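Each residue of the sequence shown is one higher than the one before, counting from 27 in our numbering.
Beta carbons are placed, not taken as given, at the ideal position from N, Cα and C, and that holds for glycine.
Please read these numbers as outputs of a predicted model, since none were measured by experiment.
Shown next, in structure tokens, is the structure this report addresses.
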Amino acid sequence: MDNKSHLSALNIWGLSLGCAVGWGAFMVPANLFIPTAGPLGTVISMGLSTVLLLIIAYNFSQLVNRYNDDGGIVAYTRNILGYDHAFLAGWILIIAYLSIMWANATATILLSRFLFGDVLAWGYMYTVAGFDINFGEILFTWMVFFVFGLFSCYGDILRKIINTCLAVLFFATVVMLFVALYIYTPTDVFYPPFQNVTSPAMQIFSMVMLAPWMFFGFEAVTHTRSRFNFSTRNLFPIMVASIVAGGIIYVLLAAMAVMAIPAEFSSWTSYIAQKNSLDGIKGLPVFNSVYNVFGQEGLVILFLSILAAISTSLLGLYRITGTIIQYYGAHKILPEWFSKEAKDGTPQNGIIFVMLISMLIPFLGRVSVVWLCDVITVAGAIAYGYASLCSYITARRENDQRGKWLGGIGVAVSAMFFFFPLIPGLLLGGSLETESYLMLSGWSLFGFVYYWYVFKNDEQHRFGNSTSMFIMILFLNFFSSSLWIRQRLEGWISIIPSEWESISYSELAADSLAQDSMMQMLMILFILLLMADIFITIKRREKKLFQTFQHQHEINQAKNTFLGNLSHDIRIPMEAAQTSVHLALENCTICAGCPEENCQRRIPDRLTDCLGKLDTHSQLLVGLIDNMLKKGSIMHNTHMDKIPIDSVTVDLRELLQQMKDLFSLQMQEKNLFFEVYPVDLQHPMVFCDRIQLKRLLINLLSNAYEYCSANGGVMVTLVEVSSMPEGERALYGDYEFHIHDTGINIPPIIVKSLTEDYHPDYSDMSGLYISRSIVQSMGGTIEVDSASEQPGKDIVVKFTLPIVAKEMCL
């Protein structure tokens with residue numbers, strides 16, 4: 027039974043908006059957008075950014091339509107690119123979502139300082155980058171993390187209602203404040219439309235390249251796919267509405283920042299240029315505009331909007347980050363403890379872990395969190411690049427031209443999002459802080475160390491298959507650390523000449539460069555050592571695998587020789603036995619034609635029936651023996667895809683009747699209800715491998731018989747789902763074999779392993795694995811439904827088979 031509470035389209039919109047837009051929307055427009063691009067440049071850049079993000083959203087929606095998985099980007103990369111890239115994608119997502127969440131949580135300290143002054147500023151401890159760390163504020167931040175963490179764990183239905191209401195409140199209050207300000211504000215406040223120092227084109231381009239930083243998080247809803255109460259085809263319009271709403275919020279708040287500037291300034295250019303030197307509310311342009319026009323009442327509405335933005339961000343990202351961590355646990359990238367979830371599907375252990383590590387963040391200070399937030403631009407570009415690449419590969423497989431074009435555009439745009447913000451001085455106001463480069467380098471190093479640990483403990487050999495991922499990690503670390511050194515060196519160069527008198531500038535710069543270069547060299551050397559160990563381990567695994575393959579090949583050769591000889595030896599007495607059965611049937615036929623009534627020597631009809639079934643069974647056995655002699659196949663060989671298929675004309679109705687005759691006596695002895703039903707067979711004559719299809723049904727029915735308790739039942743249904751016509755004649759038909767029994771359920775681990783290679787630990791279900799291999803060799807699929815609370819299972823085998831023309835059946 028599914029205890030998960032499902033999410034409506036409005037719930038998903040609120041979650042997407044809340045994860046994408048938070049506290050930064052009230053501060054960044056005045057600190058970055060307006061100073062860099064001006065009012066009109068901000069509007070244009072937001073419009074272009076929205077268009078580019080809609081392309082990314084389309085790629086996400088295409089993947090959601092095809093993969094029923096809450097893993098989001100991690101799941102898509104795992105299925106398409108492999109576990110190595112999935113690890114990198116997940117690692118990037120975790121740091122990005124955590125940094126957004128931490129930035130919103132620590133913003134409550136700034137808000138408390140503005141509202142209550144120094145009430146919480148007691149217990150001074152130290153200063154980080156000019157930001158005082160006070161124990162009172164640490165306790166307050168802990169309370170924020172604790173309250174929202176517990177509510178994310180146990181709120182469930184109430185949480186989604188509150189999150190949606192807060193998202194609507196956030197959007198509505200921003201729109202309401204803007205409209206009210208616009209009524210009282212002349213339009214000339216937006217003049218000049220651009221910043222006067224640089225070209226408008228460069229201003230717009232610089233802002234567009236920061237789109238991942240502005241909108242990252244809208245895609246978080248892909249981690250809630252199993253909770254949708256609507257078709258996944260509707261996800262794209264929902265994400266469009268979320269991205270557009272986020273763009274509107276950014277534009278309106280940017281406009282509000284210059285709509286009511288202080289009287290002592292003649293234009294927004296002079297005000298924005300000097301705002302950092304202003305005290306109080308004048309130093310916060312959005313706050314200043316609202317207060318100048320509406321006073322305290324306007325600030326109350328603005329604070330409600332800010333609290334709604336922070337709350338939706340914390341509620342959404344707590345849940346989404348916990349889901350990614352749970353996904354890591356389910357795939358044994360993290361300990362299994364993280365994979366556990368509550369009855370309602372909440373990843374409680376993952377959320378609790380996020381809450382505990384978040385308790386360390388207040389000790390780093392607000393500025394450190396801002397440095398970490400700068401990494402979102404790079405992280406978002408990598409995540410969007412992975413999603414677009416996966417969408418492109420999927421579209422190419424399906425020959426979807428529009429999907430290929432949009433996927434390719436998404437990859438190209440993501441590459442631009444990655445490189446341009448990383449290069450110092452290229453964008454106006456968009457370069458990362460010096461410390462952000464170091465954090466990015468350190469996070470990549472930490473991630474690769476943990477990847478190495480996962481690789482070394484990976485018993486299933488899922489990792490270590492992608493050299494490109496290793497190169498990406500090495501490049502990311504080398505590139506970011508090099509830029510960090512460059513920025514550090516520029517910092518030394520910028521020292522004013524008056525400070526050079528007491529210390530040798532050349533010695534100071536040389537010492538700094540030497541230390542920084544040594545740190546970079548050690549990080550790169552450490553990564554190279556780990557990569558060397560990984561490649562050595564891979565070579566050892568390949569050597570061991572080759573030796574195992576060789577040994578298995580020798581065993582298979584011996585089995586083939588033995589079974590080939592045995593098959594030849596068995597065939598001789600089998601033919602003699604079959605001849606005897608034929609003679610007995612001839613006598614039965616002669617006896618049945620005898621006119622004498624009440625003859626005491628008359629052969630019973632039941633014996634005749636049994637001899638007929640014995641003849642059918644012996645023919646089947648001889649057919650299997652001939653097949654073994656011809657192909658050298660092995661009954662327990664699970665690599666059936668390498669065995670050639672002999673397609674002949676097969677009557678599916680006759681085949682089902684043979685299976686009924688073969689198993690009916692066994693079923694009766696166990697008191698099992700047994701019946702076969704051909705349903706809607708418009709084209710019963712097909713081309714396929716008769717022997718392999720018989721083997722498939724024999725293995726599945728044998729499994730059903732073995733695991734069914736007395737007084738149960740087994741039922742086989744064959745349905746022709748559809749046919750593909752060409753002109754007036756059907757060429758192919760889609761057929762489904764449904765094998766239902768009332769036996770014990772199949773453990774989920776075995777159901778899951780059907781997508782993997784045969785494993786000897788599950789040899790008690792070997793018939794199922796042999797069936798899987800036969801189905802694969804015939805180009806079909808096999809599905810097992812054994813998740814219900816009641817005993818029993820349904821096995822569905824699907825084939826697309828060539829149909830025999832009616833004139834060929836005559």
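Give the DSSP-derived three-state secondary structure of residue i in the structure shown.
i	result
residue 623	coil
residue 219	coil
residue 373	coil
residue 714	strand
residue 757	strand
residue 489	coil
residue 33	strand
residue 250	helix
residue 295	helix
residue 768	coil
residue 787	In this prediction, residue 787 scores a pLDDT of 45, lower than 50, which makes its location untrustworthy; the coordinate-derived value is nonetheless stated afterwards. Helix, per DSSP.
residue 827	strand
residue 153	strand
residue 234	helix
residue 255	coil
residue 483	coil
Leaving aside the five residues before and after residue i along the sequence, list all residues of the same chain whose C-beta is less than 8 Å from its C-beta, in chain order.
i	result
residue 193	39, 40, 41, 43, 44, 334, 338
residue 734	696, 698, 740, 767, 768, 769
residue 706	745, 746
residue 478	556, 559, 560
Exposed or buried, what is residue i when buried is set at 16 or more other beta-carbons lying within 10 Å of its beta-carbon?
i	result
residue 614	buried
residue 703	exposed
residue 786	Confidence at residue 786 is low in this model, with a pLDDT of 43, below 50, so its placement is unreliable and no value can be given for it.
residue 190	buried
residue 382	exposed
residue 351	buried
residue 369	exposed
residue 548	exposed
residue 170	buried
residue 674	exposed
residue 661	Its pLDDT being 42, under 50, residue 661 is placed unreliably in this model, and the value from its coordinates should be taken loosely. Residue 661 should be labelled exposed.
residue 837	It is not possible to answer for residue 837, since the shown part of the chain is limited to 27 through 836.
Give every residue of the same chain whose Cβ lies closer than 6 Å to the Cβ of residue i, excluding the five residues on either side of it in the sequence, and list them in chain order.
i	result
residue 268	39, 42, 43, 244
residue 115	99, 100, 103, 412
residue 399	125, 129
residue 439	78
residue 461	397
residue 366	375
Taking Cβ positions, are residue i and residue j nearer each other than 9 Å?
i	j	result
residue 454	residue 228	yes
residue 761	residue 689	no
residue 21	residue 554	What the structure shows of the chain is the stretch from 27 to 836, and residue 21 is not part of that stretch, so it cannot be assessed.
residue 340	residue 495	no
residue 324	residue 75	no
residue 404	residue 466	yes
residue 395	residue 132	yes
residue 447	residue 235	yes
residue 250	residue 33	yes
residue 255	residue 288	no
residue 671	residue 714	yes
residue 772	residue 822	no
residue 436	residue 93	no
residue 106	residue 419	yes
Tell me which residues share the same chain as residue i and place their Cβ nearer than 7 Å to its Cβ, disregarding the 5 neighbours each side in the sequence.
i	result
residue 140	none
residue 564	490
residue 71	63, 230, 233, 234
residue 677	710, 711
residue 504	550
residue 291	297
Taking 8 Å as the cut-off, does the CB of residue i come closer than this to any heavy atom belonging to the ligand GDP?
i	result
residue 159	The ligand GDP is absent from the structure shown, which contains no ligand whatsoever.
List in chain order: all unbroken beta strand (DSSP E) runs of 3+ residues lying wholly within the region 379-467. none
Output the residue ranges of the beta strand (DSSP E) runs that lie fully inside the region 670-756 and measure 3 residues or longer, sorted by chain position. 674-677, 699-705, 711-714, 739-752
Can you give, in chain order, each stretch of the alpha helix (DSSP H) that sits fully within the region 50-110 and has at least 4 residues? 50-54, 60-92, 99-106
Which complete beta strand (DSSP E) runs does the region 315-379 hold, if anything under 3 residues is left out? none
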